[in-house]
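If you're matching positions, the sequence shown starts at 34 in our numbering and goes up one per residue. In what follows, a structure is listed as structure tokens, so that the remarks can point back to it.
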Amino acid sequence: MGVLWGGGRGRCGPGRVMTVTTVYEPDGEDGYEWALLVDKSEFETFRRLRGRSPGDPWHPVWMDLLTTDQEWKPRKKADMPWHGSNVLIVTRRAREVLADLLAGDAEVLPLDSDDGEDLWLVNPWRTVDALGVDRAQV
34 MGVLWGGGRG
44 RCGPGRVMTV
54 TTVYEPDGED
64 GYEWALLVDK
74 SEFETFRRLR
84 GRSPGDPWHP
94 VWMDLLTTDQ
104 EWKPRKKADM
114 PWHGSNVLIV
124 TRRAREVLAD
134 LLAGDAEVLP
144 LDSDDGEDLW
154 LVNPWRTVDA
164 LGVDRAQV
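Quick look at the structure:
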């Protein structure tokens with residue numbers, strides 16, 4: 034995880050409160066596995082979720098696990114193979130470790146892969162209205 038934005042806005046003074054906020058966004062790390070869509074048109078499937086349950090039945094999207102780099106050197110194993118900052122994909126190990134943390138706040142949807150690795154898409158459906166628009170300087 035990398036910091037997308039951090040800091041506080043506004044001036045501190047009598048009667049003013051300064052809040053420091055940090056927002057995190059997934060960030061890919063060089064040398065680790067990536068999860069790629071087999072059919073690029075399925076990006077729309079991910080985009081449509083945006084915190085909404087896909088409903089029944091969920092049709093798993095086909096993914097290709099990129100395990101080598103452009104020079105055919107092996108990439109390091111990743112519990113959260115990189116796909117993009119808007120999508121969180123996890124392996125079986127990460128799913129098991131995060132299960133209690135995600136319960137009630139996200140659903141974990143199975144993905145298809147021919148790479149011998151079980152992959153899941155984390156679809157966070159709980160959102161929090163955290164922006165105080167009346168106090169924000171955007």
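The beta carbon of each residue, even a glycine, is placed where N, CA and C say it ideally should be.
Counted as a single uninterrupted DSSP element, the alpha helix (DSSP H) harbouring D133 occupies residues R125 to L135. Annotated three-state conformation of K73 is helix, per DSSP. Straight-line spacing of the CA atoms in I122 and V155 works out to 6 Å. A check of alpha carbon separations from D148 across G61, P59 and W67 identifies W67 as the nearest. Taking a C-beta distance under 7 Å as the contact criterion, M96 and L152 qualify as a contact pair.
Taking C-beta atoms as the reference points, R108 and G137 fail to come closer than 7 Å. Rounded to whole angstroms, the separation of the alpha carbons of G61 and W115 is 5 Å.
Of all alpha-carbon atoms in V120, D133 and R128, the one lying nearest the alpha-carbon of F76 is that of V120.
Judged by DSSP in its simplified three-state form, T78 adopts helix.
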